[in-house]
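Asks:
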Amino acid sequence: MDEAIKAGKISVIANVILTIAKGFTGILAGSTALIADALHSLVDVLGSALVWIGIKIAQKPPDESHPYGHFKAESLAELGVGLIIVFTSLSILIEAVNNLITAVKPSFEFYALAVALASAVVNEALARYKISVGIKTKSSSLIAEGKHSRTDTISSLSVVFGFILVYFGYWWADAVVAIAISILILQMGGKILKNAIDVLMDKVDEELSLRIRKIIEGIEGIKSVDFVAVRGTWRSKIVEVHFTVSSEVGAEQINEIISKIEGLKDSFSEIVKIIPVVKISKEIRRIAIPVDENGNYVGDLNARFFNIIDLKSGRSWKIQNDFWNAQKMKGYLIAELLSRNKVDAIVVRRIGEGAKNHLKSRGIMIKLVDNLSSLDDIITKQN
Ligand SMILES: [Zn+2]
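Each residue of the sequence shown is one higher than the one before, counting from 104 in our numbering.
Okay, here's the thing in structure tokens:
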């Protein structure tokens with residue numbers, strides 16, 4: 104890994120030197136293309152600096168006032184750098200277009216050609232060096248950087264090509280090359296900006312969310328995974344998981360499930376925090392249906408009878424609703440009656456606020472059903 108870090112450092116130093124050399128020469132020779140190429144090198148340096156700052160910031164552990172970590176500081180830096188890149192590349196673009204329109208003819212300078220050529224050679228050397236070290240140290244990011252350096256080579260070569268055309272009298276070539284390079288940088292700036300905004304807006308990483316959901320769905324004891332959201336930078340991610348377990352699952356098993364979910368941190372190095380939220384679903388075991396003397400569905404608490412169905416055993420029986428016409432505390436008395444009969448849920452068409460609260464306080468669920476076509480509907484809808 105040391106060699107990979109060294110390669111990264113050499114690349115940054117080389118790009119700093121190239122930025123200064125090309126910027127200075129570009130201004131001196133009046134070549135917009137060389138100035139644009141200098142900006143390209145500067146953007147690469149800033150990109151490397153952002154990666155370095157990001158690693159430093161991500162290492163800072165969460166504290167009391169930042170319990171979710173400090174990773175968004177990196178995105179704030181990206182936002183700033185992205186804006187600078189977009190504005191400078193736009194100004195170069197405007198200048199190059201202006202040069203074309205007003206027919207500003209750049210002079211051909213040998214030293215400018217030499218600097219651009221040197222830049223192409225250095226970039227190609229950097230590309231080869233980074234790719235070979237990347238392969239040796241199995242660093243995919245270094246290989247990607249090496250491939251990027253190859254586009255830097257092409258960028259500098261296009262400046263060289265522009266100079267040659269200028270030499271042969273095609274004065275517009277320098278501006279055209281500058282336009283092409285500034286559009287390239289504009290795209291890079293746009294990408295950095297988008298990345299920063301996505302993190303700051305807590306955009307969900309759908310791919311990783313789906314992968315984590317699949318893993319969690321496989322954990323024994325979980326009835327349903329209700330919500331999985333992964334957000335953060337590519338290096339520091341926060342995972343929020345909401346899941347439901349049945350009320351039969353004991354506290355010990357719930358703790359076990361939670362530690363299994365939190366254990367995902369070991370398999371994904373980019374995950375810095377996992378927030379599990381557990382919901383315990385009560386299963387309906389005994390249901391009450393308000394009916395009349397003929398067993399027809401009445402749908403409210405004025406019914407003379409309740410049909411009680413025990414879902415586990417499949418048994419059902421009828422009890423009398425002694426309070427069907429109670430003037431006071433009707434909801435309370437009926438809730439009490441149903442609770443005595445160990446009812447978990449009641450099916451009604453309509454119910455008053457007071458009765459609803461009395462039933463809920465006794466842990467009796469209320470299922471609003473207009474027509475009792477099939478009990479299966481109610482049972483399967485439970486969760
Ligand atoms: Zn580049």
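Built from N, CA and C at the ideal position, the CB exists for glycine as well. The structure presented is a predicted model; accordingly, all values stated were derived computationally and were not measured.
1. Mapping the DSSP letters down to three states, classify A223 as helix, strand or coil.
2. When you compare each of K159, A139 and R407 to W427 by their alpha carbons, which one comes out closest?
3. Closest to S377 by CA distance: which of L137, P165, D140 and R465 is it?
4. So N202 and A278 are in contact, right, with Cβ under 8 Å, and what is the actual spacing, rounded?
5. Below 7 Å CB to CB, which residues in the same chain sit around E198 once its five sequence neighbours on both sides are set aside?
6. Looking only at its chain, what residues have a beta carbon closer than 7 Å to the beta carbon of S192, apart from the 5 residues adjacent to it on each side?
7. How big is the Cα-Cα spacing for L245 and I120?
8. Any idea which residues DSSP pairs A448 with across the strands?
9. What is the chain-ordered set of residues for which the beta carbon lies under 6 Å from any non-hydrogen atom of ligand 2?
10. Which same chain residues end up closer than 7 Å to I238 when comparing Cβ atoms and leaving out the 5 residues on each side of it in sequence?
11. Just to confirm the assignment, what range does the alpha helix (DSSP H) spanning R407 have?
12. Give the DSSP-derived three-state secondary structure of K463 in the structure shown.
13. Following the continuous alpha helix (DSSP H) through I325, name the residue where it begins and the one where it ends.
14. DSSP three-state call for W155: helix, strand or coil?
15. Enumerate in chain order the residues of its own chain whose CB-to-CB distance from L268 is below 7 Å, with the five nearest sequence positions on each side excluded.
16. Under the three-state reduction of DSSP, which class applies to V180: helix, strand or coil?
17. For E343, which residues does DSSP report across the bridge?
18. Find the nearest neighbour of I113 within the set A180, I156 and A230, judged by alpha-carbon distance.
19. Quick check: V144 and T128, are their CB atoms within less than 8 Å of each other?
20. Taking one C-beta from the region 413-424 and one from the region 464-472 each time, how about it: are there three or more such pairs within less than 8 Å?
21. Considering Q290, what are the terminal residues of the alpha helix (DSSP H) in which it resides?
22. Quick one: what does DSSP say Q162 is sitting in, helix, strand or coil?
23. CB-CB under 8 Å to L414, same chain, minus the five flanking residues each way: which ones, in chain order?
24. Taking the straight line between their C-alpha atoms, what separation do you get for K109 and I116?
25. Within this structure, are the beta carbons of F190 and A219 separated by less than 8 Å?
26. Figure out for me which residue from G353, V280, K363 and D301 has the closest Cα to the Cα of E320.
27. I'd like to confirm the pairing. Which residues does DSSP put opposite Y400 in its beta bridges?
28. Since S252 is in the alpha helix (DSSP H), which residue starts that stretch and which ends it?
29. Evaluate N486 with the Cβ neighbour count: other Cβ atoms within 10 Å of its Cβ, from every protein chain shown; 16 or more gives buried, anything less gives exposed.
30. Helix, strand or coil, according to DSSP, for S168 in the structure here?
31. Measure the C-alpha to C-alpha separation of G111 and K233 and round it to an integer number of angstroms.
32. Counting beta carbon pairs with one atom in the region 170-179 and one in the region 337-349, are three or more of them shorter than 8 Å?
33. How do the region 206-215 and the region 307-326 stand: do at least 3 beta-carbon pairs fall below 8 Å, yes or no?
34. Between V263, F271, K368 and N226, which has its C-alpha nearest G249's C-alpha?
Replies: Reading it off the structure:
1. For this step, residue 223 is matched to residue 120 along the sequence shown. Helix.
2. Your numbering for residue 427 matches position 324 in the sequence shown. Checking every option, the nearest Cα to that of W427 belongs to R407.
3. Mapped onto the sequence shown, residue 377 falls at position 274. Reading off the sequence shown, one finds Ile at residue 377, where the question assumed Ser. I377 has its Cα closest to that of P165, out of L137, P165, D140 and R465.
4. By one-based count along the sequence shown, residue 202 stands at place 99. By one-based count along the sequence shown, residue 278 stands at place 175. Yes, they are in contact, since the Cβ atoms of N202 and A278 sit about 4 Å apart, within 8 Å.
5. Counting from 1 along the sequence shown, the entry for residue 198 is found at position 95. T135, listed in sequence order.
6. Counting from one through the sequence shown, the residue named residue 192 turns up at place 89. Cβ neighbours of S192 beyond the five flanking positions: L142, S285, I288, L289 and G292.
7. Position 142 of the sequence shown holds residue 245. Position 17 of the sequence shown holds residue 120. Distance between the alpha carbons of L245 and I120: 20 Å.
8. Walking along the sequence shown from the start, residue 448 turns up at place 345. Beta-bridge annotation (DSSP): A448 is paired with I390 and M468.
9. The ligand content of the structure shown is limited to ligand 1, which means ligand 2 is not among them.
10. Taking the sequence shown and counting its residues from 1, the one referred to as residue 238 is at position 135. Result list for I238: I246, in chain order.
11. The residue you call residue 407 lines up with position 304 of the sequence shown. Careful: R407 lies outside any alpha helix (DSSP H) and carries neither H nor E.
12. Mapped onto the sequence shown, residue 463 falls at position 360. K463 falls in the helix class under three-state DSSP.
13. For this step, residue 325 is matched to residue 222 along the sequence shown. Counting along the chain, I325 falls outside any alpha helix (DSSP H), and DSSP gives it neither H nor E.
14. Counting from one through the sequence shown, the residue named residue 155 turns up at place 52. Looking at W155 - three-state DSSP - the assignment turns out to be helix.
15. Numbered from its first residue, the sequence shown carries residue 268 at position 165. Excluding the 5 residues flanking it on each side, L268 has same chain C-beta neighbours closer than 7 Å at A276, in chain order.
16. Here the question's residue 180 lines up with position 77 in the sequence shown. Residue 180 is actually Ala in this sequence, not Val. It is helical.
17. On the sequence shown, position 240 is the one that residue 343 refers to. Its beta-bridge partners are A332 and I378.
18. The sequence position of residue 113 within the sequence shown is 10, counting from 1. When only C-alpha atoms are compared, the closest one is A230.
19. As a working note, residue 144 is residue 41 in the sequence shown. As a working note, residue 128 is residue 25 in the sequence shown. Per the sequence shown, residue 144 should be read as Ser rather than Val. No. Outside cutoff.
20. Put simply, the region 413-424 does not touch the region 464-472. Fewer than three CB pairs are less than 8 Å apart.
21. For the purposes of this step, residue 290 is taken as residue 187 along the sequence shown, with counting starting at 1. Here the alpha helix (DSSP H) through Q290 covers A276 to L303.
22. The residue labelled residue 162 in the question sits at position 59 within the sequence shown. It is helical.
23. Start at 1 with the first residue of the sequence shown, and residue 414 comes out as number 311. So the list reads I387, R388, R389, I390 and I482, once near-sequence residues are dropped.
24. Walking along the sequence shown from the start, residue 109 turns up at place 6. Walking along the sequence shown from the start, residue 116 turns up at place 13. Cα to Cα, K109 sits roughly 11 Å from I116.
25. Here residue 190 is taken as the residue at index 87 of the sequence shown, counted from 1. Here residue 219 is taken as the residue at index 116 of the sequence shown, counted from 1. Taking 8 Å as the Cβ cut-off, F190 and A219 do not qualify as a contacting pair.
26. If you number the sequence shown from 1, residue 320 lands on position 217. Considering only alpha carbons, the answer is K363.
27. As a working mapping, residue 400 is identified with position 297 in the sequence shown. DSSP output for Y400 lists V394 as bridge partner(s).
28. In the sequence shown, the residue the question calls residue 252 occupies position 149. Counting along the chain, the alpha helix (DSSP H) containing S252 begins and ends at S243 to Y270.
29. Numbered from its first residue, the sequence shown carries residue 486 at position 383. With a pLDDT of only 42 at N486, under the threshold of 50, the placement of this residue in the model should not be trusted, and no figure is reported.
30. Taking the sequence shown and counting its residues from 1, the one referred to as residue 168 is at position 65. If DSSP states are grouped into helix, strand and coil, S168 belongs with coil.
31. Translated into the one-based positions of the sequence shown, residue 111 becomes position 8. Translated into the one-based positions of the sequence shown, residue 233 becomes position 130. Cα-Cα distance, rounded: 8 Å.
32. yes
33. No, the region 206-215 is not in contact with the region 307-326.
34. As a working mapping, residue 249 is identified with position 146 in the sequence shown. Nearest of V263, F271, K368 and N226 to G249, Cα basis: N226.
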